[in-house]
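What follows is a set of notes on a single structure, which appears directly below.
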């Protein structure tokens, strides 16, 4: 039975009837442009199932000879504008285009690639766009606009217009990576995917250390064919040891220290002024502020992001304990994020030529690397992260989803969890009373919502006292470095997986975590040391020059 | 019957806008005239603008519409803008300059342009009569349709129709004739029966269909455009190239079959080898997003079957 207003595709999906789709993505408006999902309606017309609403008495056939023929031809035409680079593609092993090619006996090289001479662009040190793979669905343009950035545009006046990074001085990429998650053709990828992934592992003489971000554990299973929402932290730890990791740490421990410092800063600003306080652990959001709203830079918390703090502690404290020269220690952060690749390059984080983190590997890269080394995550024995930074708190793990940072800080201050009220899909608000003051809190995810929040603060600076912002929809679990496909519904399922992971933790609050206590007793003993290890600064950003890699016509 | 070439009955369109319950309604006169060889709307605007404006006023009154728009081809702007302005006087009718190529004249694309966006066709339904400009019910009719309404209002309507006759026509121009007559009668009454071997393209220089001399005893049921082509010395590929160039130029690049299919057809034309064209035509006819792709394919197919095939057979 179909419901009023449903499309043919909706009904088919609900009933397990297979229809191939490419430009369709549940997060964006229906484009109906690839014309691969056509079905035969009333034995006469071919119509796209994604945009055609069902009607009473409608006869729909999903697999007639005309349907198959139309799909085959349109797929051949799509392949004719898509330069294959399968070995190095983020969709490798689960590429829909190739699956359909098999299903419809498509000759993928029937035509000479129209775009074989199209360039690849690099946006900063996080993202790459290979325009020779683009199939013109324009989902990236929509999602970039939806993210409040609008860096991707259409270029060209007449035929064969193309997706192009904006040349306007007032537009720049903030590396959220949502274009990656919404491109069906693998035209976008993180820098390093996958040609650089193995490089760091090949250095024999170094001590190789991994630290794992919270959101990764709830999504890495997808790389191995598991459904979203499993907590695979233990399995991941063992897998990384098998891969050659000498030590494995948990980024949520760093998050607990971020919470400690950020709650201190919030209280200080409450007393001394400087509110609203804006969170800063999302590097894409930081870059958004630095480029689009530099007037808000003084409001960003100076506390460093969790993996940077933990990175500092590993490179300085742990290396001394282990008796290794920090220069010979290679630290890889496994992140659900591509903007973190940019973050570790920030000048102000390096000290005496040593960076807190040497490489950022996305969840996708990690999955790829394990598979390539024949390490099977599924069924792996559960391992534990190493001392002295063993276990994080419930709060630290909750950093992986929208709301986690704010909840952790407030929990740390007032000792109870706050009920937030959802105002819109990307905004939740709450207010608490603390020492006779009413403090207004907001949790925002998605940069368009962030833009709205900042515009609201411009008009009324007292609107909020503390705002958490995550650039990606749903927070880090929906991050640009997560497995593809990623969609809003999958993000919800990952959220459940993350919750399970945090509920495993015995300690709830950051300040009650014995690891944290020990770090403050032994390392973060003076204000000077705290400032050197845990705090940073920001600066107004100018447009990053676009790096274009021209291709020779093959 | 509407005069844009799609033959949609004017009264049905008016009624469907009328019956919509909405705070506001709009009227658009489509003067985008994008087809190759079509000049009849320009001719009407230059010579009979008062009927056109009258027709728009009738529509605005009938629908209690907020405002009317004339969506005018860029190239016509200078020529007729002042003249139209004078005719409009103080009425709520605004002239908007067309954007984009051929596709810019498609009704959902032109709505996007008037709203300030880019000319790209939108999914139907909803039809503009339901949700047009800024989401309000909108009546979009061709210049000639409004002309007829104006004529009827003034009780001067004589069931006339305008025909653009170009190409190798002996007597090129826009001709005003009785509606409903056969194509042969049109040629005869305008002094356009060629004394050479020929074929016609009916309904548009780019998207029209090919008709041979023995097929002309039927009324013209498409856009009032007749192109006459002399067979002698004709380079079929050069001619197709001209058409496909035009179609590519006017393309919105949105859907796969039209964007990539036309590109590959152009490649075949340039190689002077149409092998594989059938697949392209099939995909365009059956799966294009908007009527441009469908009609472009039908048009090319009629040329391939009626002209190119014979041309090849004669040469072999």
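Chains as they are written, first to last, in my numbering: chain Z, 1 to 554; chain U, 1001 to 1316.
The C-beta atom is built at its ideal place from N, Cα and C for all residues, glycine as well.
Just so it is clear, the structure is predicted and the values come from calculations on it, not from any experiment.
Could you check how far apart the C-beta atoms of residue i and residue j are, in whole angstroms? I think they sit under 8 Å.
i	j	result
residue 392 of chain Z	residue 513 of chain Z	7 Å
residue 1246 of chain U	residue 1036 of chain U	6 Å
residue 370 of chain Z	residue 239 of chain Z	5 Å
residue 1257 of chain U	residue 35 of chain Z	6 Å
residue 388 of chain Z	residue 330 of chain Z	Rounded, the Cβ-Cβ distance is 19 Å, inconsistent with contact.
residue 46 of chain Z	residue 66 of chain Z	6 Å
residue 481 of chain Z	residue 177 of chain Z	6 Å
residue 466 of chain Z	residue 406 of chain Z	7 Å
Exposed or buried, residue i, counting other C-beta atoms within 10 Å across all chains shown (16 or more means buried)?
i	result
residue 1091 of chain U	exposed
residue 554 of chain Z	At residue 554 of chain Z, the pLDDT of 38 sits below 50, so the modelled position is not reliable and the matter cannot be decided from this model.
residue 190 of chain Z	buried
residue 136 of chain Z	buried
residue 1290 of chain U	buried
residue 1192 of chain U	buried
residue 86 of chain Z	exposed
residue 1012 of chain U	exposed
residue 1235 of chain U	exposed
Taking the C-alpha atoms as reference points, what is the distance between residue i and residue j?
i	j	result
residue 1159 of chain U	residue 1144 of chain U	12 Å
residue 1029 of chain U	residue 1205 of chain U	22 Å
residue 17 of chain Z	residue 63 of chain Z	10 Å
residue 214 of chain Z	residue 531 of chain Z	25 Å
residue 1200 of chain U	residue 1218 of chain U	13 Å
residue 1241 of chain U	residue 357 of chain Z	58 Å
residue 400 of chain Z	residue 151 of chain Z	26 Å
residue 183 of chain Z	residue 163 of chain Z	12 Å
residue 203 of chain Z	residue 322 of chain Z	19 Å
residue 159 of chain Z	residue 1259 of chain U	8 Å
residue 1285 of chain U	residue 421 of chain Z	51 Å
residue 171 of chain Z	residue 123 of chain Z	12 Å
residue 1082 of chain U	residue 1046 of chain U	11 Å
residue 440 of chain Z	residue 298 of chain Z	19 Å
residue 415 of chain Z	residue 390 of chain Z	23 Å
residue 169 of chain Z	residue 546 of chain Z	11 Å
residue 221 of chain Z	residue 58 of chain Z	40 Å
residue 484 of chain Z	residue 258 of chain Z	29 Å
residue 1141 of chain U	residue 1178 of chain U	21 Å
residue 366 of chain Z	residue 128 of chain Z	18 Å
residue 360 of chain Z	residue 39 of chain Z	44 Å
residue 1106 of chain U	residue 395 of chain Z	56 Å
Residue i CB to nearest chain U CB: under 8 Å?
i	result
residue 250 of chain Z	no
residue 553 of chain Z	Since pLDDT at residue 553 of chain Z reaches only 43, below the 50 mark, its modelled position is unreliable, and the value read off the structure follows with that caveat. No - not a single Cβ of chain U is within 8 Å of the one on residue 553 of chain Z.
residue 95 of chain Z	no
residue 82 of chain Z	no
residue 108 of chain Z	no
residue 246 of chain Z	no
residue 77 of chain Z	yes
residue 155 of chain Z	no
Is there at least one Cβ from chain Z nearer than 8 Å to residue i's Cβ?
i	result
residue 1059 of chain U	no
residue 1009 of chain U	no
residue 1273 of chain U	no
residue 1110 of chain U	no
residue 1282 of chain U	yes
residue 1256 of chain U	yes
residue 1297 of chain U	no
residue 1071 of chain U	no
residue 1091 of chain U	no
residue 1106 of chain U	no
residue 1246 of chain U	no
residue 1294 of chain U	no
residue 1241 of chain U	no
residue 1021 of chain U	no
residue 1182 of chain U	no
In the DSSP output, what is residue i paired with across the bridge?
i	result
residue 1178 of chain U	U:1160
residue 250 of chain Z	Z:212
residue 49 of chain Z	DSSP lists no partner for residue 49 of chain Z.
residue 470 of chain Z	Z:445
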